[in-house]
Structure formats: C-alpha cells, structure tokens
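Working notes, beginning with the structure itself.
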Amino acid sequence: MKNAVLLLLATALFAACIWFFAVSGDLFAKKDYLAGILHVIAGLALVRAGVELARLAVIGRQRGVP
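The letter at position 1 of the sequence shown is residue 1 when you use our numbering, and the numbering goes up by one with no holes.
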C-alpha cells in the first residue's frame, strides 16, 4: 500500500512539473523572464522530489515492504 501511495504522489509531482514547465514557456513568450526562471526552478524542484519518491517506492518494492 505504501508503495502505491508513493508512486501516486510521484506521478502527481511529475504532472505538476509538466504544468510548471508549460506555464514557464508561456511566461517566456510574454517576455516575463524573471517569472519564467522562477517557474523553471520550481519545476526542477518538483522533478527532483518526484524522482526521490519514485526511488523510495522502488526500494520499498525490492525489499518487500507492504
């Protein structure tokens, strides 16, 4: 159960980072560079968090944690 929750959260974070990158593209198109850079940084942080959650889920599955 814990692995399923971790994978669900990781998937949600990856979806959120895609949204952040899409918004940052729109901001760059509007020449709002500071907001675009801030959105890219937030998107990269979400990618990192999603990767860590997915890694924890894989490690838990390999160890047989329910």
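Glycine included, C-beta positions come from ideal geometry on N, C-alpha and C.
Note that the structure is a prediction, hence the values are computed from the model and not measured.
- Using a Cβ-Cβ distance cut-off of 8 Å, the region 32-40 and the region 5-14 are not in contact, since fewer than three pairs of beta carbons, one from each stretch, lie closer than that value.
- At the C-beta level, Ala16 and Leu53 stay beyond 8 Å of one another.
- No Cβ-Cβ contact shorter than 8 Å links Leu44 with Leu6.
- Residue ranges of uninterrupted beta strand (DSSP E) with 3 or more members are absent from the region 2-54; none lies entirely inside it.
- A distance below 7 Å between beta-carbons, with the five flanking residues on each side excluded, links Phe20 to the following residues of its chain, in chain order: His39, Ala42, Gly43 and Leu46.
- With a threshold of 16 other beta carbon atoms within 10 Å, Gly25 falls short and is exposed.
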